[in-house]
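**Student:**
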Amino acid sequence: MGLAGGPSAAEEAELAERAARGGRLVEPAEDLDDRAAEAALRPGSLDDFVGQRAVREQLSLVLEAARRRGRAPDHVLLSGPPGLGKTTLAMIVAAELGQSLRISSGPAIQHAGDLAAVLSSLEEGEVLFVDEVHRMARPAEEMLYVAMEDFRVDVVVGKGAGATAIPLHLPPFTLVGATTRSGLLPAPLRDRFGFTGHLDFYAPDELEQVLRRSAQLLGVELTAAGGAEIARRSRGTPRIANRLLRRVRDWSQVRGTGVVDADAARAALRVYEVDELGLDRLDRSVLDALCRRFGGGPVGLSTLAVAVGEEPDTVETVAEPFLVREGLLGRTPRGRVATADGWAHLGLRPPLGAPLQATLPLGDGGDGDSQDRDDDRDDDGDDDGDDDGAAPPS
Ligand SMILES: Nc1ncnc2c1ncn2[C@@H]1O[C@H](COP(=O)(O)OP(=O)(O)O)[C@@H](O)[C@H]1O
Ligand SMILES: [Mg+2]
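Under our numbering, think of the first position of the sequence shown as 10, with each following residue one higher.
1. So that I know if they touch, is there some Cβ in chain C lying closer than 8 Å to that of S294?
2. What are the start and end residues of the alpha helix (DSSP H) that includes S261?
3. Shortest alpha-carbon distance to V417 belongs to which of E133, L231 and A121?
4. In terms of alpha-carbon separation, which member of P148, N251 and T183 lies closest to G94?
5. Residues in its own chain within less than 6 Å of P370 by CB, not counting five upstream and five downstream?
6. In whole angstroms, what is the alpha-carbon distance linking E133 and P181?
7. When you measure from the CB of T96 to every non-hydrogen atom of ligand 2, does any distance come out below 7 Å?
8. Closer than 7 Å by C-beta to R358: which residues in its own chain qualify, once you throw out the five before and the five after it? Chain order, please.
9. To the nearest whole angstrom, what separates the beta carbons of F138 and A99, a pair I think is in contact under 8 Å?
10. Under 7 Å: does the beta carbon of R412 sit that close to some heavy atom of ligand 1?
11. Just how far apart, CA to CA, sit T188 and V142?
12. Taking the continuous alpha helix (DSSP H) assigned at R275, which residues delimit it?
13. Beta-carbon within less than 8 Å of R221's beta-carbon, same chain only, minus the 5 sequence neighbours each way: which residues are those?
14. I need the DSSP call for V162, collapsed to helix, strand or coil.
15. Rounded to the nearest angstrom, what separates A298 and E329 at their Cα positions?
16. Tell me whether A187, by its Cβ, gets closer than 7 Å to a heavy atom of ligand 2.
17. Below 8 Å, can you find three or more Cβ-Cβ pairs linking the segment 168 to 179 to the segment 203 to 215?
18. Answer yes or no: do A274 and E238 have a C-beta to C-beta separation smaller than 8 Å?
19. DSSP beta-bridge partners for L338?
20. Is L439 a contact residue of ligand 1, with contact defined as CB to any heavy atom under 7 Å?
21. For the segment 286 to 296 against the segment 329 to 338, do three or more pairs of beta-carbon atoms, one drawn from each stretch, fall closer than 8 Å, so that the two count as touching?
22. So is the beta-carbon of V272 under 7 Å away from any non-hydrogen atom of ligand 2?
23. Taking Cβ positions, are R111 and V127 nearer each other than 8 Å?
24. Specify whether the segment 257 to 273 and the segment 78 to 97 touch according to this definition: at least 3 beta carbon pairs, one from each stretch, less than 8 Å apart.
25. Give every residue of the same chain whose Cβ lies closer than 8 Å to the Cβ of Q67, excluding the five residues on either side of it in the sequence, and list them in chain order.
26. To the nearest angstrom, how far is the alpha carbon of Q262 from that of G186?
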């Protein structure tokens with residue numbers, strides 16, 4: 010089940026479904042096209058990994074110290090939005106330790122037995138990567154606590170009153186967990202990771218560096234201005250930068266000179282409807298609905314999602330973080346509101362009395378976590394007025 014490198018059937022199905030839903034160009038989640046292209050572009054060592062200086066330095070210390078002691082390092086949790094390099098770092102951890110990597114994911118572990126099978130096949134020192142670790146089933150989660158702390162799995166034999174738990178000892182291994190929603194991780198699980206690295210959006214010059222590296226690997230000629238133009242529209246996300254680079258390359262090969270320069274980038278991204286800030290059609294339609302249909306808010310997440318014909322989860326995890334980060338949309342206890350910059354980006358003037366939201370800073374690990382916890386409450390649909398469930402007008 011998703012072991013030893015290959016994506017699991019569940020992951021494949023999910024990716025296929027995502028691709029079928031129309032594969033947005035600036036969606037940070039990967040699609041099938043990405044998977045092959047990304048494998049070729051993934052940096053293989055910490056030295057090749059661009060940006061994230063703090064995480065890189067901390068992780069290199071953790072790994073080096075473990076290497077010197079000749080022991081498996083502490084378990085590592087990587088958190089942050091999609092496309093920032095969590096999977097890449099997990100692979101790098103294994104590579105730097107000279108160990109093989111076993112790959113699984115939360116959605117693939119729906120029963121404790123699934124996890125027991127994965128754990129009991131681990132060999133000494135191996136690195137187990139569990140992607141989307143917050144989506145594991147509860148009983149499996151509890152099994153994982155014990156495995157992480159005591160390197161033991163209790164295998165239950167028999168049923169009912171006669172059932173007995175037989176402890177199975179595991180060789181020391183390192184778990185690398187990745188999550189886009191660290192706030193959804195139960196505290197006991199979170200506490201069992203010895204090191205947590207929070208990945209943040211990349212600065213434009215870091216994305217330019219990613220693009221230069223990728224262009225070289227793809228054999229594409231990229232000018233400095235072309236790189237800057239693509240970086241600016243990549244939502245701080247290397248996965249998107251690489252994807253836009255491939256699309257601009259396509260454009261340039263068909264309609265341009267084959268070189269990826271600023272003109273090619275602008276023309277191609279106009280074709281793909283990615284605007285100067287990197288907003289795509291979904292982002293703009295969320296902002297547009299918020300301003301034109303709801304007068305700038307406040308409006309509940311699910312209402313907004315219905316208005317743009319998307320799942321609340323998609324609006325919340327894909328469009329919103331970026332709109333918030335760009336200071337175009339704010340989250341308040343009463344719902345989503347447009348900021349002055351949000352109105353301006355659509356070329357609109359806010360009506361008098363619109364509930365303008367001051368531009369919120371966003372980004373560091375602490376903020377992300379508390380934001381996630383708020384999300385958690387939202388998911389539960391409590392009474393913070395956020396999910397009013399009202400039908401949108403018209
Ligand atoms: N720091 C980085 N330096 C260079 N390329 C990166 C970096 N982070 C991510 N990438 C590129 O972006 C792609 C997506 O990264 P990935 O690790 O799959 O993200 P995540 O698992 O966080 O969604 C990778 O294929 C890789 O090519
Ligand atoms: Mg990943």
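Where a beta carbon is used, it is the ideal one built from N, C-alpha and C, also for glycine.
Keep in mind that this is a model prediction, so the values were computed, not measured.
**Tutor:** Looking at the atomic coordinates:
1. Going by chain labels, chain C is absent from the structure shown, which holds only one protein chain.
2. Position 252 of the sequence shown, counting from 1, holds the residue named residue 261. Going by DSSP, S261 is part of the alpha helix (DSSP H) stretching over P247 to R264.
3. The chain is shown from 10 up to 403; residue 417 falls before or after that span and cannot be answered.
4. The residue you call residue 94 lines up with position 85 of the sequence shown. Of the candidates P148, N251 and T183, the one whose C-alpha sits nearest the C-alpha of G94 is N251.
5. Locating residue 370 in the sequence shown gives position 361, counting from the first residue. Because P370 carries a pLDDT of 44, less than 50, the predicted location of this residue cannot be relied on, and no value is offered for it.
6. Sequence index remark: in the sequence shown, residue 133 carries index 124 (1-based). Sequence index remark: in the sequence shown, residue 181 carries index 172 (1-based). About 6 Å.
7. By 1-based counting over the sequence shown, the position of residue 96 is 87. Indeed, a heavy atom of ligand 2 lies less than 7 Å from the Cβ.
8. What you label residue 358 is simply residue 349 of the sequence shown in a count that begins at 1. Apart from sequence neighbours up to five positions away, the residues of its chain that approach R358 with a beta-carbon distance below 7 Å are W352, ordered along the chain.
9. Numbered from its first residue, the sequence shown carries residue 138 at position 129. Numbered from its first residue, the sequence shown carries residue 99 at position 90. Contact holds; Cβ gap of about 4 Å.
10. Residue 412 cannot be examined here, being either before or after the span of the chain that is shown, 10 to 403.
11. The sequence position of residue 188 within the sequence shown is 179, counting from 1. The sequence position of residue 142 within the sequence shown is 133, counting from 1. T188 and V142 have their alpha carbons spaced roughly 6 Å apart.
12. For the purposes of this step, residue 275 is taken as residue 266 along the sequence shown, with counting starting at 1. From DSSP, the alpha helix (DSSP H) with R275 extends over A271 to V280.
13. Taking the sequence shown and counting its residues from 1, the one referred to as residue 221 is at position 212. Taken in chain order, the residues that qualify are L231 and G236.
14. Residue 162 sits at position 153 when you count from the first residue of the sequence shown. Of the three classes helix, strand and coil, the one that applies to V162 here is strand, per DSSP.
15. Here residue 298 refers to the residue found at position 289 of the sequence shown. Here residue 329 refers to the residue found at position 320 of the sequence shown. Distance from the CA atom of A298 to the CA atom of E329, rounded to whole angstroms, is 13 Å.
16. If you number the sequence shown from 1, residue 187 lands on position 178. Within the cutoff, so yes.
17. The segment 168 to 179 vs the segment 203 to 215: no contact.
18. Residue 274 sits at position 265 when you count from the first residue of the sequence shown. Residue 238 sits at position 229 when you count from the first residue of the sequence shown. Cβ distance < 8 Å, so A274 and E238 count as in contact.
19. On the sequence shown, position 329 is the one that residue 338 refers to. In DSSP, L338 forms a bridge with A347.
20. There is no way to answer for residue 439, as the model of the chain reaches only from 10 to 403.
21. Short answer: they touch.
22. Position 263 of the sequence shown, counted from the start, is the residue given in the question as residue 272. Before going on, a small fix: residue 272 reads as Asp here, not Val. No, the beta carbon of D272 sits no closer than 7 Å to any heavy atom of ligand 2.
23. Numbered from its first residue, the sequence shown carries residue 111 at position 102. Numbered from its first residue, the sequence shown carries residue 127 at position 118. Yes. Within cutoff.
24. When C-beta atoms of the segment 257 to 273 are compared with those of the segment 78 to 97, fewer than three pairs fall below 8 Å, so the two segments do not count as touching.
25. Position 58 of the sequence shown holds residue 67. Residues F204 and G206 of the same chain have their beta carbon placed closer than 8 Å to that of Q67, with the five preceding and five following residues left out of the count.
26. As a first step, residue 262 must be located in the sequence shown, where it is residue number 253. As a first step, residue 186 must be located in the sequence shown, where it is residue number 177. Answer to the nearest angstrom: the Cα atoms are 40 Å apart.
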